[in-house]
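*Asks:* Quick one: the structure is below, questions incoming.
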Amino acid sequence: MVMFIITRLLLTVGKAKFPAHSLPDKLTEKLRTDPESISAASVDFGNIVRETPLAVLHPSCPKDIAALVRSAYHGDGSSFAIAARGRGHSVRGQAMAPGGVVVDMTSLARHRGGGGGSAISVSWSRSLGYYADVGGGQLWRDVLEETLWHGLSPVSWPDYLYLTVGGTLSNAGISGQTFRYGPQISNVYEMDVITGTGELTTCSPDKNPELFYSVLGGLGQFGIITRARVALDRAPTRVKWARMLYSDFSDFTRDQEYLISKNGRYQDNALDYVEGMLLMPQGPPDSWRSSFFPLSDHPRIISLLKQHKIVYCLEVAKYYDDLTQNTVNKDLEKLFEGLNHIPEFEFQKDVAYVDFLDRVREGELKLTAQGLWDVPHPWLNLFVPKSRIADFNDGVFKNIILKRNITTGPVLIYPMNRNKWDDQMSAVVPDEDVFYTVGFLHSSGFDDWQQFYLQNKELLSFCEDTGIELKHYLPSFGNEQEWMRHFGSKWRRFRQRKARFDPKMIFSPGQKIFNRNHSI
Numbered sequence: 001m002v003m004f005i006i007t008r009l010l011l012t013v014g015k016a017k018f019p020a021h022s023l024p025d026k027l028t029e030k031l032r033t034d035p036e037s038i039s040a041a042s043v044d045f046g047n048i049v050r051e052t053p054l055a056v057l058h059p060s061c062p063k064d065i066a067a068l069v070r071s072a073y074h075g076d077g078s079s080f081a082i083a084a085r086g087r088g089h090s091v092r093g094q095a096m097a098p099g100g101v102v103v104d105m106t107s108l109a110r111h112r113g114g115g116g117g118s119a120i121s122v123s124w125s126r127s128l129g130y131y132a133d134v135g136g137g138q139l140w141r142d143v144l145e146e147t148l149w150h151g152l153s154p155v156s157w158p159d160y161l162y163l164t165v166g167g168t169l170s171n172a173g174i175s176g177q178t179f180r181y182g183p184q185i186s187n188v189y190e191m192d193v194i195t196g197t198g199e200l201t202t203c204s205p206d207k208n209p210e211l212f213y214s215v216l217g218g219l220g221q222f223g224i225i226t227r228a229r230v231a232l233d234r235a236p237t238r239v240k241w242a243r244m245l246y247s248d249f250s251d252f253t254r255d256q257e258y259l260i261s262k263n264g265r266y267q268d269n270a271l272d273y274v275e276g277m278l279l280m281p282q283g284p285p286d287s288w289r290s291s292f293f294p295l296s297d298h299p300r301i302i303s304l305l306k307q308h309k310i311v312y313c314l315e316v317a318k319y320y321d322d323l324t325q326n327t328v329n330k331d332l333e334k335l336f337e338g339l340n341h342i343p344e345f346e347f348q349k350d351v352a353y354v355d356f357l358d359r360v361r362e363g364e365l366k367l368t369a370q371g372l373w374d375v376p377h378p379w380l381n382l383f384v385p386k387s388r389i390a391d392f393n394d395g396v397f398k399n400i401i402l403k404r405n406i407t408t409g410p411v412l413i414y415p416m417n418r419n420k421w422d423d424q425m426s427a428v429v430p431d432e433d434v435f436y437t438v439g440f441l442h443s444s445g446f447d448d449w450q451q452f453y454l455q456n457k458e459l460l461s462f463c464e465d466t467g468i469e470l471k472h473y474l475p476s477f478g479n480e481q482e483w484m485r486h487f488g489s490k491w492r493r494f495r496q497r498k499a500r501f502d503p504k505m506i507f508s509p510g511q512k513i514f515n516r517n518h519s520i
């Protein structure tokens with residue numbers, strides 16, 4: 001079986017060489033080529049791209065991954081490609097390794113405590129305060145559960161908790177907390193990273209800083225994260241969760257921008273979460289992401305939608321605990337003073353902190369039960385400069401989206417503060433103090449996803465023609481010129497970092513940033 005794997009890799013990956021003599025026996029035992037493993041690693045959450053690897057590695061410790069990378073790096077001739085895969089929540093094949101090896105990072109978590117890189121441990125230091133050392137293959141849901149045992153919690157989260165730590169940190173990790181606490185990559189103190197030469201390296205802002213800043217938001221191009229040290233704070237216990245409806249886009253964005261202007265990490269009169277979304281007549285008031293509006297209010301919300309075609313929904317949250325439960329309502333009242341939503345369309349809930357953070361899970365389970373989760377997801381996530389968000393609303397929301405009349409999934413829109421992002425990191429955002437996240441979270445059938453792709457293409461063309469300088473989140477481009485444009489002034493440094501940390505371009509070929517047949 002071992003020789004069969006080696007022969008397949010040797011013969012099929014072009015000129016790639018997979019030398020048997022350099023692989024320990026224990027490692028070859030963890031390489032799988034059975035149809036089930038290969039099939040699972042050939043698709044992702046997007047269910048649009050299919051790329052077949054030749055093997056899947058199920059490591060029990062970071063040393064297994066390092067040994068695999070060393071085999072690729074030191075092999076004769078061209079190296080084979082390697083892609084780290086968490087839960088496979090990319091949408092355009094970014095976590096795939098055609099003709100190479102996919103590393104199942106969740107296998108580390110299943111071998112909890114087996115050689116490092118998988119356990120979750122909470123500690124305190126005078127310089128950092130409380131922090132958690134977390135394996136790159138751990139789910140954020142597991143991190144939440146473990147840290148809550150200590151009365152602590154990370155402060156910046158993704159909207160969906162069943163993603164791996166390494167996966168979100170390789171992109172940015174954003175949600176409604178980002179305006180105040182920054183993306184998840186801004187809340188990391190230290191990492192263990194396996195570079196493209198197979199070296200397991202500890203890095204931080206003070207130790208190997210170039211690797212540290214490269215990997216955060218680096219799309220998996222510079223190394224595989226096996227451990228991250230993330231910031232913790234005292235965990236709240238409950239959440240005041242509110243939604244308000246707007247018919248006027250200017251009022252909606254003005255209120256969002258006002259609310260995110262109160263963004264001090266330890267500021268009392270600040271919200272903890274600010275997001276927003278579109279409501280449209282072709283979709284229900286509640287999306288699969290969360291059931292919020294009382295069923296008794298659905299008819300009047302639907303009536304409002306018929307009147308205005310698009311309604312803008314502001315979604316906010318304020319955390320509290322036993323120490324602040326007597327003041328949280330007064331704090332919210334003060335924050336909501338002067339907001340310009342439609343007064344009779346304000347809704348509030350009081351929920352447990354865990355239930356709020358895990359709010360998307362319920363929708364996932366419902367769709368899974370209906371056979372509607374593992375379907376194509378032609379998503380598009382963008383960062384739009386504040387100065388052009390009104391033009392985006394007029395040209396995209398009120399024109400393209402309404403005319404095509406096919407969007408039924410969630411469309412998110414909410415602002416962020418650029419000063420919460422570290423420009424030394426690889427992640428790219430617009431060059432304005434405030435910019436908006438716009439996410440089109442489409443679901444489709446296997447025979448009609450192309451119409452959403454064409455809609456995405458049309459709105460991108462509109463932005464191109466009108467000079468709206470977008471940046472993509474979870475980007476996917478087809479050629480180097482598009483990647484150069486995406487990274488802009490960061491491109492030269494990005495290439496230099498690639499040459500330094502992954503000189504044979506082994507990592508993350510599914511991103512299609514670099515051509516492995518050409519030198520950098």
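Those letters in the sequence shown? Residues 1 to 520, by the UniProt record's numbering.
Heads up, the beta-carbon is just placed ideally off N, CA and C, and yes, glycines get one too.
Residue 212 bridges to which residues according to DSSP?
*Replies:* Answer is none; residue 212 lacks a bridge partner.
*Asks:* Which residue spans inside the stretch 208-253 form an unbroken alpha helix (DSSP H) run of at least 4?
*Replies:* If we require 4 residues or more, the alpha helix (DSSP H) runs fully inside the stretch 208-253 come out as 209-215.
*Asks:* Looking at residue 59 and residue 42, is the spacing between their C-beta atoms short of 8 Å?
*Replies:* Taking 8 Å as the Cβ cut-off, residue 42 and residue 59 do not qualify as a contacting pair.
*Asks:* For residue 345, name the three-state secondary structure that DSSP assigns.
*Replies:* Coil at residue 345, not helix or strand.
*Asks:* Where does residue 420 land, buried or exposed, given buried means 16+ other C-beta within 10 angstroms?
*Replies:* Residue 420 is buried by the Cβ-count criterion.
*Asks:* Could you check whether the stretch 241-255 touches the stretch 312-330, counting it as contact only if at least three pairs of C-beta atoms, one from each stretch, sit closer than 8 Å?
*Replies:* These segments touch.
*Asks:* With DSSP as the reference, identify every bridge partner of residue 124, one or two as the case may be.
*Replies:* Residue 124 pairs with 130.
*Asks:* Alpha carbon to alpha carbon, what distance is there between residue 468 and residue 119?
*Replies:* Approximately 44 Å between the Cα atoms of the pair.
*Asks:* Taking C-alpha atoms, which residue in 258, 497, 209, 426 lies nearest to residue 219?
*Replies:* Out of 258, 497, 209, 426, 426 has the C-alpha closest to the C-alpha of residue 219.
*Asks:* Going by CA-CA distance only, name the one from 285, 168, 152 that's closest to residue 139.
*Replies:* Checking every option, the nearest Cα to that of residue 139 belongs to 168.
*Asks:* Using the beta-carbon count (16 or more within 10 Å), is residue 471 buried or exposed?
*Replies:* Answer is buried; the Cβ neighbour count reaches 16.
*Asks:* Does the contact criterion of 3 or more C-beta pairs under 8 Å hold for the stretch 229-236 versus the stretch 143-156?
*Replies:* Yes, the stretch 229-236 touches the stretch 143-156.
*Asks:* Could you tell me which whole alpha helix (DSSP H) segments of length 4 or greater appear in the stretch 296-321?
*Replies:* Within the stretch 296-321, the complete alpha helix (DSSP H) runs of at least 4 residues are 298-308.
*Asks:* Which residues does DSSP list as the beta-bridge partners of residue 473?
*Replies:* 381, per the DSSP bridge assignment.
*Asks:* May I have the straight-line CA-CA distance separating residue 347 from residue 204, to the nearest angstrom?
*Replies:* Using only the alpha carbons, I get a separation of about 43 Å.
*Asks:* Just to check my reading of the structure: residue 256 and residue 276 have Cβ atoms closer than 8 Å, yes? What is that Cβ distance to the nearest angstrom?
*Replies:* At roughly 6 Å, the Cβ-Cβ gap stays under 8 Å, so residue 256 and residue 276 are in contact.
*Asks:* Out of 388, 251, 423, point me to the one whose CA is closest to residue 338's CA.
*Replies:* Cα-wise, what sits closest to residue 338 is 251.
*Asks:* Might you give, ordered along the chain, the residues of its own chain that have their beta carbon closer than 8 Å to the beta carbon of residue 7, omitting 5 neighbours on each side?
*Replies:* Low confidence applies here, because residue 7 scores a pLDDT of 46, under 50, leaving its location unreliable; read the following figure in that light. So the list is empty, once near-sequence residues are dropped.
*Asks:* Taking the alpha-carbon positions, what's the residue 66 to residue 196 distance?
*Replies:* If I take the Cα positions, the gap works out to 9 Å.
*Asks:* If we ignore side chains and look at the alpha-carbon of each, how far apart do residue 503 and residue 265 end up?
*Replies:* Straight-line Cα distance between these residues: approximately 39 Å.
*Asks:* Find out if the Cβ-Cβ distance for the pair residue 104, residue 85 is shorter than 8 Å.
*Replies:* Yes; because the gap between Cβ atoms is below 8 Å, this pair is in contact.
*Asks:* Ordered along the chain, which non-local residues of its own chain (more than five positions away) have a Cβ less than 6 Å from that of residue 215?
*Replies:* The answer, listed in chain order, is 193, 222, 223.
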